[in-house]
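To start, the structure under review is shown below, and the notes come after it.
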Amino acid sequence: MSPSLLEERTEARPNPRQEASVRARGVSRGRRRAVTVARGVGGLVTLAVIWEVLPRVGLVDSYFIPPLSTVLEAWWQLIVSGELWRHLQASLVRSGAGFLLATVLAIPLGAAVAWYRPVREFFQPVLEVFRNTAALALLPVFTLILGIGEASKIAIITFACFFPILLSTIAGVATVDAQLLRSAKVLGLSPVATFRKVVFPAAVPTIFTGIRISGATAILVLIAAELVGANAGLGFLISYSNNNMLIPKMYAAILTTSLLGLGVNYGLVALERRFSRWRS
Amino acid sequence: MSSRIQLRDVGQSFLVRGNDDRQLREFVALEGLDLDIAPGEFLTVVGPSGCGKSTVLDLIAGLAVPTSGSLTIDGVPITGPGLDRSVVFQQYTLLPWRTAQANVEFALEAKGGLSKAERKERAQTYLELVGLSEFAGRYPHELSGGMKQRVAIARSLSYQPEVLLMDEPYGALDAQTRERLQEELVSIWQRTGTTVVFITHDIDEAVFLGQRVAVMSSRPGRIKAIVDVDLDRSGAGDRDVRATAEFAAYRHEVWTLLREEHAPARPKEDARVA
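Going down the list, the sequences are from chains A and B.
Counting from 1 along the first sequence, just add 239 to a position and that's the residue number in this note's numbering.
Counting from 1 along the second sequence, just add 747 to a position and that's the residue number in this note's numbering.
Have a look at this one:
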């Protein structure tokens, strides 16, 4: 059995060269990885078994929590009939549009705000107020102004995604290493070139922190907005199934949102890694 | 002596808040500083810590404006940074998202007037000059401190400035790497004929590198003395120049000049900076 975190972190380590040589001999790295993956799969399988068994033996009411196999069957029906795809598509369009719109607006604005200290100091408190206003609290406002159609849903997702990206862009641009700026100045780089070649690339990892937060936010707000009022989308599918006592279908829709969230997060992490490969 | 860079009666002072009473006071970093630097020479500047060595370099680089006095390069007043001068800082100022090669190209992009292929070729030439051809594709985090500083030097030389300004570039390196880079720098200087102004607090480094060593007084900084160093540095790779009697004599001369600066603080110097 592996040691606890305390032992693992405090144990005397081989120096980097020894570690490299162990790796070169291929003793443990691949095996270690396989073991890690196997444990993770084990955890998921355990969850699936619990979900399957508890309703079957009657420990939980199988009407409210149907066994996993029943849910998967309902899921399969949804996929085959094309119904799931229709709802997923509606959700993807809304969250994608809101998220992209927020990114396109927030990054240039954040950069501009951060570039000039007075502007930054002027905006910072206002932005903090907005950021700390729960986007969902404003859902009625958006519905009032933009109606119950697509516009209000995309608008509230944009709103919710906008602030994390804006604030991380401001932080990233404002905290660029002064030494890098000095060397750009010595090279006689114009402000525009300095921004393009030094400030922005340096800020990208920080900006991505905001983008990842926004990715999760987009899904959260999407589902909430669709639960409240929509005629398509995963959130709608959940509330519709619930209202019509189609419980396995409801769980199938919930599982779909989980997978969607996972996919978005992994996608953004992969993108982040691609853009910050230069970091150790 | 014809001079390339001339500093005349240069003064630099800042307003700082005192530690005890939070009053604004004038902090005089440099006062009445005169210095002439000849074309193609290797001048080292050594002085006690806090004497304003780096301030002198910032002024020549055009990163700061003096409170009084004048600075000229080839007779033209220095008003800002220019591609006729380049600076190597103590901290490694490489762009972490660019490879060694691309970091050198960065300077060439700033200079302009070269095609992509020419930039690439020029960058390779200068990486070779500092012995890093094999590491062209590495990112800064994959390079040691000494290698990073070599890339910074290659970058500074790549656009062929007339003057190379170095602000304690080897301060953060271990002793052996530092000696090797000093020898490399002398050989690069001999091959390129660039004027070098090198700031250091290390007496050995100042004597080993400089044709002339400018010794600064403690604050307010001015040039206290200039020591001409006439050392045979040829074959420094095999021969321990630093162990010769001449080296020891120059070293002692500079050491004595600096030791005199350890006199008790003058009353004027009560406004210390944190």
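In this text, a Cβ means the ideal position worked out from N, Cα and C, and glycines have one as well.
With burial defined as no fewer than 16 other Cβ atoms inside 10 Å of the residue's Cβ, what is the status of T952 (chain B): buried or exposed? Locating residue 952 (chain B) in the second sequence gives position 205, where the first residue counts as 1. The sequence given here places Glu at residue 952 (chain B); Thr does not occur at that position. Buried, by the Cβ-count rule.
Please state whether the Cβ-Cβ distance between V988 (chain B) and F955 (chain B) is less than 8 Å. Along the second sequence, read from residue 1 onward, the residue named residue 988 (chain B) stands at position 241. Along the second sequence, read from residue 1 onward, the residue named residue 955 (chain B) stands at position 208. Between V988 (chain B) and F955 (chain B), the gap from beta carbon to beta carbon is short of 8 Å.
Please specify which runs of the beta strand (DSSP E), each continuous and at least 3 residues long, are wholly inside the segment 755-786 of chain B, giving them in chain order. Counting only runs of 3 or more, we get 771-784.
Between L327 (chain A) and M489 (chain A), what straight-line distance do the alpha-carbon atoms span, to the nearest angstrom? By one-based count along the first sequence, residue 327 (chain A) stands at place 88. By one-based count along the first sequence, residue 489 (chain A) stands at place 250. In this structure, the straight-line span from the alpha carbon of L327 (chain A) to that of M489 (chain A) is close to 14 Å.
If we cut at 8 Å on Cβ distances, does R512 (chain A) have a partner in chain B? Position 273 of the first sequence, counted from the first residue, corresponds to residue 512 (chain A). Chain B contact via Cβ: absent.
Helix, strand or coil for L841 (chain B), going by three-state DSSP, please let me know.
Stepping through the second sequence from its first residue, residue 841 (chain B) is reached at position 94. The answer is coil: DSSP assigns L841 (chain B) none of H, G, I, E or B.
- Message: Can you tell me which residues form a DSSP beta bridge with D951 (chain B)?
- Response: The residue labelled residue 951 (chain B) in the question sits at position 204 within the second sequence. According to DSSP, which records beta bridges pairwise, D951 (chain B) is partnered with nothing at all.
* Taking just the CA atoms, how far does T814 (chain B) sit from L245 (chain A)? -> Taking the first sequence and counting its residues from 1, the one referred to as residue 245 (chain A) is at position 6. Taking the second sequence and counting its residues from 1, the one referred to as residue 814 (chain B) is at position 67. Their backbone Cα atoms lie some 58 Å apart in a straight line.
Q) Taking any Cβ of chain A, which residues in the segment 812-842 of chain B have a Cβ under 7 Å from it, in chain order? A) Of all residues in the segment 812-842 of chain B, the ones placed with a Cβ closer than 7 Å to any Cβ belonging to chain A are P828, G829, L830, S833, V834, F836, Q838, T840, L842, in chain order.
So the beta strand (DSSP E) T819 (chain B) belongs to, where does it begin and stop? Within the second sequence, numbered from 1, the residue matching residue 819 (chain B) stands at position 72. Note, T819 (chain B): beta strand (DSSP E), 815-820.
**OP:** Flag V508 (chain A) as yes when its Cβ comes closer than 7 Å to any non-hydrogen atom of the ligand SAH, and as no otherwise.
**Re:** Absence of the ligand SAH from the depicted structure is noted, as is the absence of any ligand whatsoever, leaving it without description.
For L830 (chain B), the three-state DSSP class (helix, strand or coil): As a working mapping, residue 830 (chain B) is identified with position 83 in the second sequence. Coil at L830 (chain B), not helix or strand.
Inset, instruction - Compare the Cα-Cα distances from M913 (chain B) to each of B:P795, B:A808, B:E773, B:A785 and report the closest residue. - result: Residue numbering aside, residue 913 (chain B) sits at position 166 when the second sequence is read from its first letter. Out of B:P795, B:A808, B:E773, B:A785, B:A808 has the C-alpha closest to the C-alpha of M913 (chain B).
> Expressed to the nearest angstrom, what Euclidean distance is found between the alpha-carbon atoms of F994 (chain B) and L782 (chain B)?
Replying inline: Here the question's residue 994 (chain B) lines up with position 247 in the second sequence. Here the question's residue 782 (chain B) lines up with position 35 in the second sequence. Taken atom to atom, the span from the alpha-carbon of F994 (chain B) to that of L782 (chain B) is near 24 Å.
At a CB-CB cut-off below 7 Å, which residues of chain A make contact with Y1038 (chain B)? The shown model of chain B, from 748 to 1021, leaves out residue 1038 (chain B), and the question about it has no answer.
Taking buried to mean at least 16 other C-beta atoms within 10 Å of its own C-beta, is V508 (chain A) buried or exposed?
-> Indexing the first sequence from 1 puts residue 508 (chain A) at position 269. Counting the other Cβ atoms within 10 Å of the Cβ of V508 (chain A) gives fewer than 16, which makes it exposed.
### Interface partners of V437 (chain A) on chain B, CB under 8 Å
Taking the first residue of the first sequence as 1, we reach residue 437 (chain A) at position 198. In chain order: L842.
Look at the Cβ atom of L777 (chain B), then the Cβ atom of G968 (chain B), and state whether they are nearer than 8 Å.
Counting from one through the second sequence, the residue named residue 777 (chain B) turns up at place 30. Counting from one through the second sequence, the residue named residue 968 (chain B) turns up at place 221. Using a Cβ distance threshold of 8 Å, L777 (chain B) and G968 (chain B) count as a contacting pair.
### Task
Hey, could you find the ends of the alpha helix (DSSP H) R866 (chain B) is sitting in?
Here residue 866 (chain B) is taken as the residue at index 119 of the second sequence, counted from 1. DSSP places R866 (chain B) inside the alpha helix (DSSP H), whose first and last residues are 863-876.
Query raised in the report: Would you report the Cα separation of V757 (chain B) and G779 (chain B), rounded to the nearest angstrom?
Result: Residue 757 (chain B) sits at position 10 when you count from the first residue of the second sequence. Residue 779 (chain B) sits at position 32 when you count from the first residue of the second sequence. If I take the Cα positions, the gap works out to 5 Å.
### Query
Is E1016 (chain B) buried or exposed, if buried means 16 or more other CB atoms sit within 10 Å of its CB?
One-based indexing of the second sequence puts residue 1016 (chain B) at position 269. For E1016 (chain B), the predicted model reports a pLDDT of 47, less than 50, meaning its position is unreliable; a value from the coordinates is still stated below. Exposed: under 16 other Cβ atoms inside 10 Å.
Practice prompt. Compare the C-alpha of G468 (chain A) against each of A:R278, A:S330, A:P403, A:F401 and name the closest.
Written response: For the purposes of this step, residue 468 (chain A) is taken as residue 229 along the first sequence, with counting starting at 1. Looking from the CA of G468 (chain A), the closest CA among A:R278, A:S330, A:P403, A:F401 belongs to A:S330.
Discussion item. Counting only beta-carbon separations shorter than 8 Å, does A857 (chain B) have a partner in chain A?
Written reply: By 1-based counting over the second sequence, the position of residue 857 (chain B) is 110. Cβ-Cβ to chain A under 8 Å: yes for A857 (chain B).
* For M894 (chain B), three-class secondary structure by DSSP -> For this step, residue 894 (chain B) is matched to residue 147 along the second sequence. If DSSP states are grouped into helix, strand and coil, M894 (chain B) belongs with the helices.
*asked:* Strictly below 7 Å CB to CB, what residues from chain A border A808 (chain B)?
replied: For the purposes of this step, residue 808 (chain B) is taken as the residue at position 61 of the second sequence. Ordered by position in chain A, the residues that pass the 7 Å Cβ test against A808 (chain B) are V425.
Between the C-alpha atoms of L293 (chain A) and E322 (chain A), what's the straight-line distance to the nearest angstrom? Start at 1 with the first residue of the first sequence, and residue 293 (chain A) comes out as number 54. Start at 1 with the first residue of the first sequence, and residue 322 (chain A) comes out as number 83. Note on geometry: alpha-carbon atoms of L293 (chain A) and E322 (chain A) lie some 29 Å from one another.
Distance cutoff 8 Å, beta carbons only. Does A854 (chain B) sit that close to anything in chain A? Sequence index remark: in the second sequence, residue 854 (chain B) carries index 107 (1-based). Chain A contact via Cβ: present.
inquiry  = Can you look up Q753 (chain B) in the DSSP assignment and give me helix, strand or coil?
reply    = As a working mapping, residue 753 (chain B) is identified with position 6 in the second sequence. Three-state DSSP puts Q753 (chain B) in a strand.
Original post:
In whole angstroms, what separates the C-alpha of V835 (chain B) from that of L911 (chain B)?
Top reply: One-based indexing of the second sequence puts residue 835 (chain B) at position 88. One-based indexing of the second sequence puts residue 911 (chain B) at position 164. Those two C-alpha atoms are separated by around 8 Å.
Under the rule that 16 or more other beta-carbon atoms within 10 Å means buried, what is Q838 (chain B), buried or exposed? In the second sequence, residue 838 (chain B) corresponds to position 91, counting from 1. Its Cβ being crowded by 16 or more others within 10 Å, Q838 (chain B) is buried.
Just to confirm before moving on: does the CB-CB distance between M1046 (chain B) and L879 (chain B) stay below 8 Å? With chain B covering only 748 through 1021, there is no way to say anything about residue 1046 (chain B).
Which whole-angstrom value describes the C-beta separation of R333 (chain A) and I393 (chain A), a residue pair presumed to lie in contact below a C-beta threshold of 8 Å? As a first step, residue 333 (chain A) must be located in the first sequence, where it is residue number 94. As a first step, residue 393 (chain A) must be located in the first sequence, where it is residue number 154. With a Cβ gap of about 6 Å, R333 (chain A) and I393 (chain A) count as contacting.
- prompt: Just the Cα atoms here: how many angstroms apart are L842 (chain B) and S320 (chain A)?
  reply: As a working note, residue 842 (chain B) is residue 95 in the second sequence. As a working note, residue 320 (chain A) is residue 81 in the first sequence. Taking the straight line joining both Cα atoms gives about 54 Å.
Next item on the list: Would you verify that the beta carbon of L419 (chain A) is, or is not, closer than 8 Å to some beta carbon of chain B?
Entry: Taking the first sequence and counting its residues from 1, one reaches residue 419 (chain A) at position 180. Contact with chain B is found for L419 (chain A), since one of that chain's Cβ atoms lies less than 8 Å from the residue's Cβ.
**Contacts of L327 (chain A) in chain B (Cβ-Cβ under 9 Å)** = Counted from its first residue, the first sequence places residue 327 (chain A) at position 88. Close partners of L327 (chain A) in chain B (Cβ separation under 9 Å) are lacking, with about 36 Å as the shortest Cβ gap.
- prompt: Can you tell which of A:V425, A:A350, A:G337 has the C-alpha that lies nearest to the C-alpha of L806 (chain B)?
  reply: To locate residue 806 (chain B), count along the second sequence from 1; it is residue 59. When only C-alpha atoms are compared, the closest one is A:V425.
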